[in-house]
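Chains B and P are the protein sequences, given in the same order.
For the first sequence, the working numbering assigns the number 63 to the initial residue and increments by one for each residue that follows.
For the second sequence, the working numbering assigns the number 97 to the initial residue and increments by one for each residue that follows.
Here the structure is laid out as structure tokens; the discussion comes afterwards.
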Amino acid sequence: MIRRAGYRLDKTVINDIKFSLSGGELLLVVGPSGSGKTTLLLAMTGVLNNLLNGFVEGYVDLSGINPLTPEDFPKVPKVVGVVLQDPEKQLSMPTPIDEVAFTLENLGFKGFEELLLSTLGRVGLLNKATTPTEYLSGGEKKRLCIAASIIHNPKLVIFDEPTANLDPWGVSEVIKYINDLKVEGRAVIVIEHKARYFTKLADKFLLINNGRQVVYLEGRDSLNNSLDIIESLESYGVDTCKPKLKSVLKRSSCREVVLEVEGLWFRYLPNKDYVLRGINLRLCSGDVGVIVGRNGVGKTTLLKVIAGFYKPEKGFIKFLSNDFTKVRKSIKGREVFYVPQEPDYMFIHSKVLDELRVGTIPLEEVLSSELWVKDLLNESPYRLSHGQRRWLAYTIAKLYNPKVILFDEPTAGLDLLLLKQYLSWVREVVSQGKVVLIATHDVRLLYELATRVFIMEDGCLREVGVEEAIEYLEGPLRWSND
Amino acid sequence: MIKPKPTTLFIYGLVITILAFISRRFEQLLILALVNTPVGVVLGFRRYSVIIALFFIGLIGLFVNALMFSNVGNPVLEFYGLVIREGVFTAFVNVMLRLLSILGATLIFITQVNARDLIKSLECELGLPKTIAFATAVGLRMLNILERDLREIQLVRVERGFRKYPITPSDIGSFLRPLLSLGLERALWVGIAAELRGFSQRSSRRVGIKITYVDICVYTLLITQVITVLMI
Numbered sequence: 063m064i065r066r067a068g069y070r071l072d073k074t075v076i077n078d079i080k081f082s083l084s085g086g087e088l089l090l091v092v093g094p095s096g097s098g099k100t101t102l103l104l105a106m107t108g109v110l111n112n113l114l115n116g117f118v119e120g121y122v123d124l125s126g127i128n129p130l131t132p133e134d135f136p137k138v139p140k141v142v143g144v145v146l147q148d149p150e151k152q153l154s155m156p157t158p159i160d161e162v163a164f165t166l167e168n169l170g171f172k173g174f175e176e177l178l179l180s181t182l183g184r185v186g187l188l189n190k191a192t193t194p195t196e197y198l199s200g201g202e203k204k205r206l207c208i209a210a211s212i213i214h215n216p217k218l219v220i221f222d223e224p225t226a227n228l229d230p231w232g233v234s235e236v237i238k239y240i241n242d243l244k245v246e247g248r249a250v251i252v253i254e255h256k257a258r259y260f261t262k263l264a265d266k267f268l269l270i271n272n273g274r275q276v277v278y279l280e281g282r283d284s285l286n287n288s289l290d291i292i293e294s295l296e297s298y299g300v301d302t303c304k305p306k307l308k309s310v311l312k313r314s315s316c317r318e319v320v321l322e323v324e325g326l327w328f329r330y331l332p333n334k335d336y337v338l339r340g341i342n343l344r345l346c347s348g349d350v351g352v353i354v355g356r357n358g359v360g361k362t363t364l365l366k367v368i369a370g371f372y373k374p375e376k377g378f379i380k381f382l383s384n385d386f387t388k389v390r391k392s393i394k395g396r397e398v399f400y401v402p403q404e405p406d407y408m409f410i411h412s413k414v415l416d417e418l419r420v421g422t423i424p425l426e427e428v429l430s431s432e433l434w435v436k437d438l439l440n441e442s443p444y445r446l447s448h449g450q451r452r453w454l455a456y457t458i459a460k461l462y463n464p465k466v467i468l469f470d471e472p473t474a475g476l477d478l479l480l481l482k483q484y485l486s487w488v489r490e491v492v493s494q495g496k497v498v499l500i501a502t503h504d505v506r507l508l509y510e511l512a513t514r515v516f517i518m519e520d521g522c523l524r525e526v527g528v529e530e531a532i533e534y535l536e537g538p539l540r541w542s543n544d
Numbered sequence: 097m098i099k100p101k102p103t104t105l106f107i108y109g110l111v112i113t114i115l116a117f118i119s120r121r122f123e124q125l126l127i128l129a130l131v132n133t134p135v136g137v138v139l140g141f142r143r144y145s146v147i148i149a150l151f152f153i154g155l156i157g158l159f160v161n162a163l164m165f166s167n168v169g170n171p172v173l174e175f176y177g178l179v180i181r182e183g184v185f186t187a188f189v190n191v192m193l194r195l196l197s198i199l200g201a202t203l204i205f206i207t208q209v210n211a212r213d214l215i216k217s218l219e220c221e222l223g224l225p226k227t228i229a230f231a232t233a234v235g236l237r238m239l240n241i242l243e244r245d246l247r248e249i250q251l252v253r254v255e256r257g258f259r260k261y262p263i264t265p266s267d268i269g270s271f272l273r274p275l276l277s278l279g280l281e282r283a284l285w286v287g288i289a290a291e292l293r294g295f296s297q298r299s300s301r302r303v304g305i306k307i308t309y310v311d312i313c314v315y316t317l318l319i320t321q322v323i324t325v326l327m328i
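Here it is, written out as structure tokens:
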């Protein structure tokens with residue numbers, strides 16, 4: 063039971079949250095971005111008041127341990143394992159075997175070599191035990207985080223946004239591991255805004271909005287009888303339902319070919335394998351192209367080659383019939399603009415106002431169209447919320463007035479409400495005749511936005527229908543929905 | 097191949113750094129730079145080429161600094177009305193050699209040391225507090241992530257019509273801001289994750305320093321440099 067908690071005494075972030083959990087049960091905690099889900103995690107593990115100088119009023123019992131007290135807080139790791147959202151913010155050791163050993167060394171385990179190997183084998187990383195961590199894929203890093211958090215057999219395992227940045231295959235694996243933990247009798251808490259992946263596994267359900275407990279359901283029967291409540295939670299930014307395919311969007315005819323890629327071959331080094339093999343792509347004015355594929359298949363590389371960051375070995379790239387293949391230098395008023403997944407990479411200046419002065423569109427015009435930014439002009443871009451930083455990055459891209467905007471995983475970490483805002487933003491941009499090309503494994507974009515869809519596999523790109531692409535992405539998750 | 101122990105390389109790097117800072121004469125600094133820089137660059141060029149490149153670009157700032165604060169002595173060069181005196185070159189060369197020595201020793205250290213072994217070595221052999229040992233080890237791991245961040249920032253800078261490499265103080269600020277923002281957030285969460293994995297309960301058992309013949313070679317090289325530099 064947490065009555066109040068926050069990072070500063072004068073600002074309460076969460077209020078009156080109450081729940082209980084037994085071994086073998088899964089609690090699904092959902093809510094829009096900024097609702098206090100992560101703060102709840104920090105509060106119930108004692109991190110908020112013991113490490114971050116925050117405060118927590120209330121009572122927490124983790125298998126007889128009160129994590130809110132300084133005496134009991136050091137005992138928390140013995141009973142709890144926590145898997146954070148971003149593996150790069152959790153992994154601290156150079157190789158997987160070092161990473162899992164780190165947990166056991168901290169907790170005083172001895173003679174654990176066999177345990178190390180069996181745990182790595184359980185998450186499919188045994189053959190990569192000594193591979194440097196930076197060479198692991200996103201899915202492998204997530205599995206490593208899971209291994210490092212459960213190796214000491216904790217009674218409670220907490221997952222913060224476990225499906226973030228994972229492709230559907232990675233999501234399917236994570237769901238399976240979470241289900242296995244539940245079957246083994248551990249208590250599991252999953253904090254997630256893509257609730258639809260876990261509603262069938264959950265035994266308890268908690269919705270938080272503005273730091274308050276809005277809905278709390280206990281027991282599978284109660285959950286089964288409340289599916290209509292759960293499905294109505296879209297207004298809170300919670301993704302509970304499988305999206306419905308809108309009438310397939312197609313442009314009536316190609317008014318103007320804006321982006322043309324033909325026979326593109328690229329590799330990072332001469333003695334390495336090709337990452338891009340004979341890529342062909344054609345997008346017309348008003349198109350929203352979506353490229354889907356597994357993590358690490360080359361989607362980002364393709365966008366960066368199109369953006370001119372790397373020169374292809376063979377093939378050409380044309381914007382409005384001008385060959386841009388050999389253009390290496392940046393030019394103002396570029397034909398194409400690449401927006402990276404991490405918005406912080408985009409910012410150059412120390413104030414939002416200075417970021418908006420760049421590009422070819424006058425500042426007054428920008429301020430009249432981007433009303434959300436009016437109160438933030440003197441703020442540092444790095445002090446904005448994650449959603450605001452993303453929006454600033456998109457606005458900066460628009461300011462350069464490119465014909466083509468390339469997005470790399472633009473919806474990672476966005477809840478349903480922010481996703482809808484992004485969809486509106488893209489629709490407005492393409493209505494002006496621009497082209498948007500998105501690399502993603504977010505199936506929601508296929509349902510809502512795509513006019514041209516491509517699947518990337520083994521460095522090759524093929525154009526497919528929306529339904530086929532949806533099946534490609536939803537297929538790996540079918541077993542979890544049954 | 098047997099590598100030197102992390103403790104040995106840590107002591108080596110620390111002593112070379114201290115020596116570089118206390119040495120004032122050109123000959124002393126030259127010896128340190130000539131011994132450490134080539135070895136460090138050869139070992140670290142593949143993995144840390146961006147950081148090495150940035151270092152050499154930073155020398156431009158170093159020259160400007162020398163021009164502003166050490167422009168004394170006999171005139172050496174006149175450039176569009178600006179008289180550059182011998183003090184500038186002396187200061188520039190000495191500081192450059194000092195930094196090259198430290199760069200070399202650092203590259204030797206970070207390319208040969210594994211983070212987990214480093215924590216154990218620093219805690220168990222040297223008896224350093226585990227917080228210092230862990231921070232040092234995580235810093236090594238974060239270097240690779242930092243390099244990746246730097247590459248991404250450079251790409252976007254070029255796209256937005258800015259310089260790829262920092263030359264002016266304003267450039268340096270615009271590079272540092274995103275790196276610090278991302279780095280600090282990452283460091284905070286790595287710390288939280290380590291605490292939730294029981295780091296505060298980590299206890300170390302002092303085992304004393306054990307050295308192999310490779311360590312003896314490294315210590316011999318170190319002592320030779322110390323004696324040579326102090327005798328000059």
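For each residue, glycine too, the CB sits at the ideal point set by N, CA and C.
Bounding residues of the beta strand (DSSP E) (the contiguous stretch that carries residue i)
i, result
"B/ALA67", "64-68"
"B/ARG344", "338-346"
"P/TYR261", "Here P/TYR261 belongs to no beta strand (DSSP E), and DSSP marks it neither H nor E."
"B/MET518", "514-519"
"B/TYR197", "Taken as a continuous stretch (DSSP letters only), B/TYR197 belongs to no beta strand (DSSP E), as it is neither H nor E."
"B/GLU529", "Per DSSP, B/GLU529 belongs to no beta strand (DSSP E); it is in the alpha helix (DSSP H), 528-536."
Top-ranked residue by Cα proximity to residue i, from the options
i, options, result
"P/PHE188", "P/SER217, P/GLY154, P/LEU130 and P/GLU243", "P/GLY154"
"B/LYS204", "B/ILE76, B/LYS172, B/LEU124 and B/ASN227", "B/ASN227"
"B/LEU418", "B/ALA163, B/ALA459 and B/TYR400", "B/ALA459"
"B/LEU169", "P/LEU224, P/GLN321 and P/ARG293", "P/ARG293"
"B/ARG317", "B/TRP453, B/GLU510, B/SER347 and B/ASP437", "B/SER347"
"P/ILE198", "P/VAL209, P/LEU130, P/ILE323 and P/ILE156", "P/LEU130"
"B/TYR400", "B/ASN215, B/VAL498 and B/GLY232", "B/VAL498"
"P/GLU146", "P/LEU278, P/ILE241 and P/SER277", "The amino acid at residue 146 of chain P is misidentified as Glu; the sequence shows Val. Among P/LEU278, P/ILE241 and P/SER277, the Cα nearest to that of P/VAL146 is on P/ILE241."
"P/THR103", "P/LEU278, P/ILE204 and P/ILE127", "P/ILE204"
"B/ALA195", "P/THR227, P/LYS226, P/LEU236 and P/ALA231", "Here the sequence assigns Thr to residue 195 of chain B, which means Ala is not the residue at that position. Per the Cα distances, P/LEU236."
"B/GLU533", "B/LYS73, B/LYS99 and B/PRO230", "B/PRO230"
Span separating the alpha-carbon of residue i from that of residue j
i, j, result
"B/VAL109", "B/PRO443", "27 Å"
"B/LEU90", "B/ASN241", "13 Å"
"B/GLN147", "B/ARG506", "20 Å"
"B/GLY360", "B/MET518", "8 Å"
"P/LEU246", "P/ALA233", "20 Å"
"B/LEU481", "B/GLN403", "14 Å"
"B/GLY116", "P/LEU280", "18 Å"
"B/ILE79", "B/LEU438", "32 Å"
"B/GLU133", "B/ASN112", "10 Å"
"P/ILE307", "B/PHE174", "26 Å"
"B/PHE81", "P/LYS216", "41 Å"
"P/LEU139", "P/PRO100", "14 Å"
Beta-carbon proximity list for residue i, same chain, < 7 Å, skipping 5 on both sides
i, result
"B/ILE368", "VAL323, ILE379, VAL398 and LEU468"
"B/TRP327", "TYR336, LEU338, ARG339, GLY340, PRO374, GLU375, LYS376 and GLY377"
"B/LEU182", "PRO158, ILE159, VAL162, LEU188, ALA191 and ALA209"
"P/PHE122", "VAL189 and ASN190"
"P/PHE151", "LEU199"
"P/THR227", "none"
Same chain only: Cβ atoms within 6 Å of residue i, ignoring 5 sequence neighbours per side
i, result
"P/VAL179", "PRO171"
"B/SER199", "ASN357 and GLY358"
"P/ARG212", "none"
"B/LYS266", "LEU89 and GLU280"
"B/GLY527", "none"
"B/ARG452", "PRO405"
Range of the contiguous alpha helix (DSSP H) that encloses residue i
i, result
"P/TYR309", "309-327"
"P/GLN250", "226-255"
"B/LYS482", "478-492"
"P/ALA116", "102-118"
8 Å CB neighbourhood of residue i in its chain, flanking five on each side removed
i, result
"B/ARG390", "Residue confidence for B/ARG390 is low, a pLDDT of 48 falling below 50, so the modelled location carries little weight; the figure read from the coordinates is stated next. Closer than 8 Å at the Cβ level, and outside the excluded window around B/ARG390, lie GLY370 and LYS373."
TODO: Taking only runs that begin and end inside the stretch 376-448 of chain B, name each unbroken beta strand (DSSP E) of 3 or more residues, in chain order.
DONE: 376-381 and 398-401
Ignoring anything shorter than 3 residues or poking outside the stretch 133-212 of chain P, list the beta strand (DSSP E) runs there in chain order.
171-175 and 178-181
Practice problem: Quick one: which unbroken alpha helix (DSSP H) runs of 4-plus residues sit fully inside the stretch 136-206 of chain B? Chain order, please. | Solution: Those alpha helix (DSSP H) runs which fall completely within the stretch 136-206 of chain B and span 4+ residues are 138-141, 158-168 and 175-184.
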